[in-house]
Structure formats: C-alpha cells, structure tokens
Amino acid sequence: ALQVPDFKNALKQFQKLVEETVTQKKTEKLGLYIEDEDEMIDYDKFYTITQTLFSPEVKDHNIEAFFRKISSNLDARTEWCEIFVCFMGESDAMSSRLKEENMVFLVSENQQITHAVVKRQDVIKGLVKVPHLDFTVTSSEKGVLTIFNNQLILTQTNFFLIPLGSIYGNKVTGCDFLSSQLKCVVAVTERRVIIWNYKSKESQNNCFIIIPMENGLLCVCMVTMSDHLAKDNILMGHDKGYVHLLTVTSDHFGLKQCKGKKEPQLQVLDCKNFNVVKGKLRDDWVGKVKYISDLNRFGSCSSDSVHSFVLDDLRRLEDNLPVKEFSVPRGVNAFTYCGQAKVIVTWG
Numbered sequence: 001a002l003q004v005p006d007f008k009n010a011l012k013q014f015q016k017l018v019e020e021t022v023t024q025k026k027t028e029k030l031g032l033y034i035e036d037e038d039e040m041i042d043y044d045k046f047y048t049i050t051q052t053l054f055s056p057e058v059k060d061h062n063i064e065a066f067f068r069k070i071s072s073n074l075d076a077r078t079e080w081c082e083i084f085v086c087f088m089g090e091s092d093a094m095s096s097r098l099k100e101e102n103m104v105f106l107v108s109e110n111q112q113i114t115h116a117v118v119k120r121q122d123v124i125k126g127l128v129k130v131p132h133l134d135f136t137v138t139s140s141e142k143g144v145l146t147i148f149n150n151q152l153i154l155t156q157t158n159f160f161l162i163p164l165g166s167i168y169g170n171k172v173t174g175c176d177f178l179s180s181q182l183k184c185v186v187a188v189t190e191r192r193v194i195i196w197n198y199k200s201k202e203s204q205n206n207c208f209i210i211i212p213m214e215n216g217l218l219c220v221c222m223v224t225m226s227d228h229l230a231k232d233n234i235l236m237g238h239d240k241g242y243v244h245l246l247t248v249t250s251d252h253f254g255l256k257q258c259k260g261k262k263e264p265q266l267q268v269l270d271c272k273n274f275n276v277v278k279g280k281l282r283d284d285w286v287g288k289v290k291y292i293s294d295l296n297r298f299g300s301c302s303s304d305s306v307h308s309f310v311l312d313d314l315r316r317l318e319d320n321l322p323v324k325e326f327s328v329p330r331g332v333n334a335f336t337y338c339g340q341a342k343v344i345v346t347w348g
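Sequence positions in the sequence shown follow the UniProt record's numbering and run 1 to 348.
Here is the structure:
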C-alpha cells in the first residue's frame, strides 16, 4: 500500500507542479523563450518529482498518461487521483477514458470477466474482493454464490435449490467474506442469513441458513477487529432503519469436526441461538453498512434526508445513545473511506 507521511502537503506540492507545468507549456505555445533552463519541467523532471512526493509505488504508466494529458490539452480538467490508477487496454481506449465525465472517481483496474457468472434474467447484487486469498466473491439476486480468481471460476453454489419457501425471502441483497475465524462466505436475503462453507468437498449446497431474521435485510458486511479473531461479527442493514450485529463462531456450525465425519450439506439454524445486537438509527432503509477498521467505527447510509449518514462506535447499537451523523438533501446512497487521504467520500 502507498505510504505517504504528509499526504495533504504532497497533494499541494503536486498541484503546484501541475500548474507550473501547464504555465510553461502555454508559454512555449506562444513562442516565448524560457530564460532559466533549470526551471524547465520536462517529463523526466515531472516523473522524478511525482515519485518523490508519492513514493516509487506510483506506476510509471500512470505518471506518463497524466503528463501526456496536460501536455496535449492545456485546459483539460485534472484530478490528482489519476496518477494512482491504471487503464487496461489499447492506447486509443485510454484517451477515451480520460474524458471529463469520468474524472470524479476512477477505478484502479478495469477488467472484464468473460466467463458467465450468472445466467440470463439474473443480476449480480453483491461483489467483494478478498485480497489476501486473491479471489473475488459475487452473489446474484437468484442465489448463485461464486468465487473466482481472475477469469477462472473456482467454485459455485446455488442455495435457492434449498426448499425453504418464499416466506424467508427469495432475493439476495448482498454478500461478504468472513475472514476472522470461519473463513466462509456470508450472504443475506430478506429474512435469512446464509453461511457457505465453500472449502467443503461437498460444496454444492453446503450452506447454513439462519432464520428467521427480523424485517428485511438489505446489506451485509463483516467487522474486522484484531481482538475478535476467535469469532466473526456481521453487520446487517434493515428496511426499518435498524443495524444488526450478529456474532457467529465455528461452534455454531459444527465446522470443527473430526476427520472422517461426513459434513452435512444443509443445516437450518434458529436465530434465537445467536447473539444479535440491534440499534435503530433511522426510519428509512439502510442502503449500505460498512465497518471501517482504521477508525474503529461503522458507517451506514440511507436516502433519509435527516439521518443520511451515521459514523459511530459499535457500542451505539446496544446502549441507544445518540449517534454521530450528518444530513444530506435526498440522502446518501453509498460511501467509502480512503485511508491514505483520511477522508470519507459519500455520494447519492
């Protein structure tokens, strides 16, 4: 990961470098002579200064693309985040991706999965990257859970083959990976939580179903805490404004079994046997919930114009004390945290 001691100061210096480069290019375009050659900024100087400011981990082709952009269009709008991204594809495609309408947020890598993850008339509802295991987990609306690495599907299951009936909800709303103890995939529908033991040799439908959950589950995420490695904590957002914290361990699912004992393909578990803490944060739907380990806080957002975004300690779910929040007209639909810049970005 990129490590810059004083990121804000580095941004100011980089912005000054860009302004000086553009000013020089405009001067050269007018045919004016620059007296001090030591003050001239060519690509090599621009490259060296940029790497000094943001460390050598900044990719060479990103710096080159940024310099080419401000050199070819002196009035182009630029964003500092462009030097932290890469564009995959041919050079002609690169220029089209640098249009102004795409300049607010840019992905670090654009890659297409050519293998069909889900069938027609089905859509991906959840996607999570698991960097330390080098794979990605997706969940589809119709219940297909998939783990793939690059363009190869490693394993897949469809838990809607389980005959539980529509009373517990038939649409998947999100997924995540439990990395503390269970090392399993978690997904949620309206009223059930699915734990998929993807490592099992009998992985097809080897799921644990926790029912019935209160209200409608709309989103899910795991809580990463260094002092809670012996259990997995799961945050879930509801359509009644609640955020629930569900605690699970391997003992709940019998994953610590003796060798040679056949693992069950399906277990339906009563939610009353689990520790569930819930707190009501608003009256509207909880659109997204996420635990930010760098801040030791959880965040949740909603289309509610009054209680749009909440950021506070997990203890607020249990003690019912006022939470830290702010309001945004028409609410907040999504958010993310950047640890390098130490900012939370919301959009709605």
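From the three backbone atoms N, C-alpha and C, an ideal C-beta is built for every residue, glycine too.
The C-alpha of Asn215 lies about 57 Å from the C-alpha of Thr21.
Here the C-alpha atom of Arg282 lies approximately 45 Å from the C-alpha atom of Thr50. Contact annotation: Ser305 and Pro322 have beta-carbon atoms that are not nearer than 8 Å. Counting along the chain, the unbroken alpha helix (DSSP H) around Phe54 starts and ends at Tyr43 to Phe54. Rounded to whole angstroms, Val188 and Lys342 show a C-alpha spacing of 30 Å. In the structure shown, Glu325 falls within a strand segment according to DSSP collapsed to helix, strand and coil. With fewer than 16 other Cβ atoms inside 10 Å of its own Cβ, Asn273 counts as exposed.
In the DSSP assignment, His61 falls within the alpha helix (DSSP H) that extends over Asp60 to Ser72.
When DSSP states are grouped into helix, strand and coil, Val22 belongs to the helix group. One thing to note: Lys278 has its Cβ no nearer than 8 Å to the Cβ of Val310.
Taking C-alpha positions only, Cys219 is separated from Ser302 by approximately 11 Å. According to DSSP, His238 shares a beta bridge with Leu217.
Secondary structure of Arg297 (DSSP, three-state): strand. Annotation: the continuous alpha helix (DSSP H) that includes Ser250 extends over Ser250 to Phe253. In this structure, DSSP gives Trp285 a state outside helix and strand, which the three-state scheme calls coil.
In this structure, the alpha-carbon of Val128 lies about 9 Å from that of Ser139. In this structure, Leu217 lies near Thr173, with their beta-carbon atoms less than 8 Å apart. Per DSSP, the beta bridge partners of Met222 are Ile234. Judged by DSSP in its simplified three-state form, Leu17 adopts helix.
The DSSP-derived three-state label of Leu182 is coil. With a contact defined as Cβ atoms closer than 8 Å, Ile211 and Cys271 qualify at about 6 Å. Asp312: member of the beta strand (DSSP E) spanning Phe309 to Asp312, first to last residue.
Taking C-alpha positions only, Leu266 is separated from Lys183 by approximately 17 Å.
In the three-state reduction of the DSSP assignment, Ala10 falls in the helix class. The closest CA to that of Arg192, considering only Lys171, Thr155 and Leu178, is found on Lys171. Only residues of its own chain outside the window of five on either side were considered, and among them Val277 have a CB closer than 6 Å to the CB of Glu318, listed in chain order.
When the beta-carbon positions are compared, Ser180 and Asp232 come within less than 8 Å of each other. The beta-carbon distance between Phe14 and Phe46, rounded to whole angstroms, is 10 Å. This is too long to meet the 8 Å contact definition. Judged by beta-carbon spacing, Val130 lies within the 8 Å limit of Phe177, meaning their Cβ atoms are closer than that value. In chain order, Ser139, Gly174 and Cys175 place their CB closer than 6 Å to the CB of Gly126, counting only its own chain and leaving out the 5 sequence neighbours on each side. Comparing C-alpha distances from Ile209 to each of Asn320, Val268 and Asn296 shows the shortest one belongs to Val268. By DSSP's assignment, Gln267 forms a beta bridge with Phe208. Annotation for Leu127: the continuous beta strand (DSSP E) segment containing it runs Ile124 to Val130.
Around the Cβ of Lys8, a 10 Å sphere holds fewer than 16 other Cβ atoms; the residue is exposed.
In the structure shown, Phe274 falls within a coil segment according to DSSP collapsed to helix, strand and coil.
The C-beta separation of Ser308 from Ser327 comes to about 5 Å, placing the pair in contact by the 8 Å criterion.
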